[in-house]
Amino acid sequence: MGDFSADDYVLEYNPTNTNFSARVPRGQGRRYLSNFFSVYKTNEYMVHGNSSITVKKNGRDVTDKAITWRRMRIWSLMGESGFNANQPADFDWFDDAMSETPNWIDIPTYGSMEPPEKWTTERKMLEFAVAVDGHLDSGILYFYVIISLKKGQYRVEMSSAKKIEYEEWLDLKKSRQPQPSGCSIQIDSTWQGAKVK
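Residue numbering for the sequence shown follows the numbering used here, beginning at 3 and increasing consecutively.
In structure tokens form, the structure reads like this:
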């Protein structure tokens, strides 16, 4: 916990249709195919969201100085809609920002994939909890991204964010189902053809 009051840091989450893959380390060397789809070399395909967070301290932008604390959990969802998840989570909460640097631009995905013609039908939900490292008492942002695949097609949905307190984070860590309540879909790519140029 930090030395500052809960009003010191304010985080503003911004999901976007703009492709941010060239602006993050894991996106380097990837070839743009669409705003949500890229390839590395000839066979490492990535379907991803795009988002940024602006960090303000007492009204001043400190995004380039504030160290990122980001936790992520991944679920396999059943059916074509809703949040009914297979048990247990594919990956329980883990550190998704281990660099200990300001890292406020993200292209959330769940890994490299087979070529689009080999994709099978699946939906993955990526839950995030994000704060300024050392200052979780200033509040934590919760949001999620859903990546859906079927043969030759993909869909990316990105939610709004809600602020949770540290005690709510402790409860969230213990939960055994996705916790999307209080967030709504802000960006929906709709189903897109995964065209490899």
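From the three backbone atoms N, C-alpha and C, an ideal C-beta is built for every residue, glycine too.
Keep in mind that this is a model prediction, so the values were computed, not measured.
- When the alpha-carbon of M100 is set against those of R73, I109 and T192, the nearest one is in R73.
- Sequence-distant partners of V64 (beyond 5 residues in either direction) whose C-beta falls short of 7 Å from its own C-beta, in its chain, are V57 and K58.
- In this structure Q181 is buried. Its beta-carbon is surrounded by 16 or more other beta-carbon atoms within 10 angstroms.
- Comparing alpha carbon positions, the residue from E14, A24, Y34 and F38 closest to I189 is F38.
- Here V132 has R72 and L143 as same chain residues with Cβ atoms under 6 Å from its own Cβ, once five neighbours each way along the sequence are excluded.
- The beta carbon of Y34 sits closer than 8 Å to those of N21, S23, A24 and S40, all from its chain and outside the five residues before and after it, given in chain order.
- Linking I148 to I55 through their CA atoms gives a straight-line distance of about 18 Å.
- Beta-bridge analysis with DSSP links M74 to F96 and F130.
- Between the alpha carbons of M80 and T103 lies a distance of about 36 Å.
- By the neighbour-count definition (other C-beta atoms within 10 Å, threshold 16), L13 is a buried residue.
- Counting along the chain, the unbroken alpha helix (DSSP H) around K175 starts and ends at Y168 to K176.
- The residues S53, M160, Q188 and I189, in chain order, have a CB closer than 6 Å to that of P17 in the same chain once the five nearest residues on each side in sequence are set aside.
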